[in-house]
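Residue numbers (UniProt numbering): 1 to 253.
Have a look at this one:
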């Protein structure tokens, strides 16, 4: 069924150009079509506002700048962000960590795997000295060969959910619950910590201001685009409530 936006049908050629930009999405085809819908809606509104739509990128940029302006982050907002997220501005902070990975593979019974990991964790909490031995026997990670050791880890070296867990643990501590990440289920311990130092606010103020302003701009753009979608006449696809916001943030518009 063709997708028609305000009377204009999306072409196969447009879809072929857009699709590679969404190869990493969970549903690349739907993301690509949604991105094209949003682009069409923005271009239609740009034309209605009297902007020159022959330069599509310029027209969309001018429309968003005039209709969805975002304020610059002020000093108070920047200092508040700095105070609320000191971990983001630490340098030199390191942990030495070990883990046991129970990999989630296609067809695995996740409940049974989790139950098994819980039993293994309970045994290790009772006798931490067996951690390396159990890692060699059970871990599905190459680090099993070295007793589960991941060596030294800094901020940004692992996926966020793993990082949050290991940097919150004290030296010698085992996480008291099984950690689930995109890679599977983990039993985690930290063997050593190197405390970092907090960068002075003055060294990161510009970086914070740029990031907060960008976040504010993206929010304003998504909200405005969502409003235009609600007003548009769209046939051939039903967009769920949050879909325009999710796709717009990664689209070419």
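Ideal Cβ positions, reconstructed from N, Cα and C, are used throughout, including at glycine.
Small disclaimer: the values here were computed from a predicted structure and weren't measured.
- Rounded to whole angstroms, the separation of the alpha carbons of residue 140 and residue 101 is 5 Å.
- Each residue's CA atom was taken as its position, placing residue 179 and residue 185 some 6 Å apart.
- Here residue 85 is exposed, its C-beta having fewer than 16 other C-beta atoms within 10 Å.
- The beta carbon of residue 125 lies closer than 8 Å to those of 174 and 176 in the same chain, with the five residues before and after it left out.
- By the C-beta criterion, the segment 205-222 is judged to be in contact with the segment 71-82, since at least 3 inter-stretch pairs fall below 8 Å.
- Beyond the five residues adjoining it in sequence on each side, residue 52 comes within less than 8 Å, by CB distance, of 58 and 59 in the same chain, given in chain order.
- In terms of CA proximity to residue 99, 120 leads the group 109, 120 and 93.
- In the DSSP secondary-structure assignment, residue 100 is bridged to 187.
- For residue 197, the closest C-alpha among the options 24, 22, 135 and 88 is that of 88.
- With respect to the C-alpha of residue 104, the residue from 45, 201, 234 and 116 having the closest C-alpha is 116.
- Here DSSP, grouped into helix, strand and coil, assigns residue 26 to coil.
- For residue 66, the enclosing alpha helix (DSSP H) starts and ends at 56-67.
- The three-state secondary structure of residue 138, taken from DSSP, is helix.
- Here residue 230 is exposed. Its C-beta has fewer than 16 other C-beta atoms within 10 Å.
- An exposed status is given to residue 172, since fewer than 16 other beta-carbon atoms sit within 10 Å of its beta-carbon.
- Taking C-beta atoms under 8 Å as the contact rule, residue 148 and residue 132 qualify, at a distance of about 6 Å.
- Out of 158, 182, 153 and 199, the CA that lies nearest to the CA of residue 192 is found in 153.
- Annotation: the continuous beta strand (DSSP E) that includes residue 149 extends over 149-154.
- For residue 6 against residue 233, the beta-carbon gap comes to about 5 Å, under 8 Å, which counts as contact.
- Residue pairing from DSSP leaves residue 120 without any beta-bridge partner.
- Taking C-beta separations shorter than 8 Å and ignoring five residues to either side along the sequence, the partners of residue 163 in its chain run 153, 155, 156 and 157, following chain order.
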